[in-house]
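**Q** Dropping a structure here in structure tokens format, bear with me for questions.
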Amino acid sequence: MSKELVSAVNQQVANWTVLYVKLHNYHWYIKGKNFFTLHAKFEELYNEANEHIDELAERILALEGNPVATMKECLDIASIKEATGSEKEEEMVQSIVDDFEKMLGELQEAIELAEDAKDEGTGDMLIAVKQSLKKHNWMLKAYLG
6 MSKELVSAVN QQVANWTVLY VKLHNYHWYI KGKNFFTLHA KFEELYNEAN
56 EHIDELAERI LALEGNPVAT MKECLDIASI KEATGSEKEE EMVQSIVDDF
106 EKMLGELQEA IELAEDAKDE GTGDMLIAVK QSLKKHNWML KAYLG
């Protein structure tokens, strides 16, 4: 088990946990002409976040590590920040784009750690998460114009 790899995957668990709550905030508080579109998109994204949290945490357990499992731990190691609660429609989408950009870089670093550790299972999982994020980010950027 590579401690660096477990730490990198744990940061993803933390990021997705913070995002899960942030996306719920946006889902509940979205207002404006794009309400129906964004309300549904944020729900899709928090459902996906939930899947990533579970898969990544279980992978850490399989590697005999300890996944972060409290909001305090997640907020301490996450590289993304909570919603402020005052974001407007475009600010919400831009915040998610910014979070995904940051996470894409961190995922690439984690993928490289998995390759160095010869851990194809973790690497494949991280690559799948990265591919999904890239697609979502492309769509969200298109929405922003």
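Going by the working numbering, the sequence shown opens with residue 6, and the numbers climb by one from there.
For each residue, glycine too, the CB sits at the ideal point set by N, CA and C.
In this text the structure is predicted, and so the values were computed from the model without any measurement.
1) Can you list, in chain order, the residues of its chain whose CB lies under 7 Å from that of V73, leaving out five sequence neighbours each side?
2) In the structure shown, what three-state DSSP assignment does N39 receive?
3) Can you round the beta-carbon distance between L118 and L10 to whole angstroms, since I take them to be within the 8 Å contact cut?
4) With 16 as the cutoff for other CB atoms within 10 Å, does F105 come out buried or exposed?
5) List, from N- to C-terminal side, the alpha helix (DSSP H) runs of 4 residues or more that fit wholly inside the stretch 21-77.
6) Distance check for K8 and N142, CA to CA, integer angstroms please.
7) Looking at K146 and the ligand ATP, is the gap between the Cβ and the nearest heavy atom below 8 Å?
8) Identify whether E106 lies in helix, strand or coil by the three-state DSSP scheme.
9) Alpha carbon to alpha carbon, how far is D121 from W33? Give it in angstroms, no decimals.
10) Quick one: measure Cβ to Cβ for K146 and V102, integer angstroms, because I've assumed they're closer than 8 Å.
11) Would the stretch 84-92 count as touching the stretch 121-133 if we require 3 or more Cβ pairs under 8 Å?
12) Taking the alpha helix (DSSP H) that I132 belongs to, which residues open and close that run?
**A** Put simply:
1) As a position in the sequence shown, residue 73 is number 68, starting the count at 1. Taken in chain order, the residues that qualify are N15, V18, A19, C79 and I82.
2) Translated into positions along the sequence shown, residue 39 becomes position 34. Of the three classes helix, strand and coil, the one that applies to N39 here is coil, per DSSP.
3) Counted from its first residue, the sequence shown places residue 118 at position 113. Counted from its first residue, the sequence shown places residue 10 at position 5. About 4 Å separates the two Cβ atoms, so the contact holds.
4) For the purposes of this step, residue 105 is identified with residue 100 of the sequence shown, where counting begins at 1. Per the 10 Å Cβ criterion, buried.
5) 40-67
6) For the purposes of this step, residue 142 is taken as residue 137 along the sequence shown, with counting starting at 1. For the purposes of this step, residue 8 is taken as residue 3 along the sequence shown, with counting starting at 1. Cα to Cα, the separation comes out at about 29 Å.
7) Here there are no bound small molecules, and the ligand ATP is not part of this structure.
8) By one-based count along the sequence shown, residue 106 stands at place 101. E106: helix per DSSP, three-state reduction.
9) On the sequence shown, position 28 is the one that residue 33 refers to. On the sequence shown, position 116 is the one that residue 121 refers to. In a straight line, the C-alpha of W33 is about 42 Å away from that of D121.
10) The residue labelled residue 146 in the question sits at position 141 within the sequence shown. The residue labelled residue 102 in the question sits at position 97 within the sequence shown. The pair is a contact, with the Cβ atoms about 6 Å apart (cut-off 8 Å).
11) no
12) For the purposes of this step, residue 132 is taken as residue 127 along the sequence shown, with counting starting at 1. Looking at the DSSP string, the run of the alpha helix (DSSP H) that includes I132 is E125 to L149.
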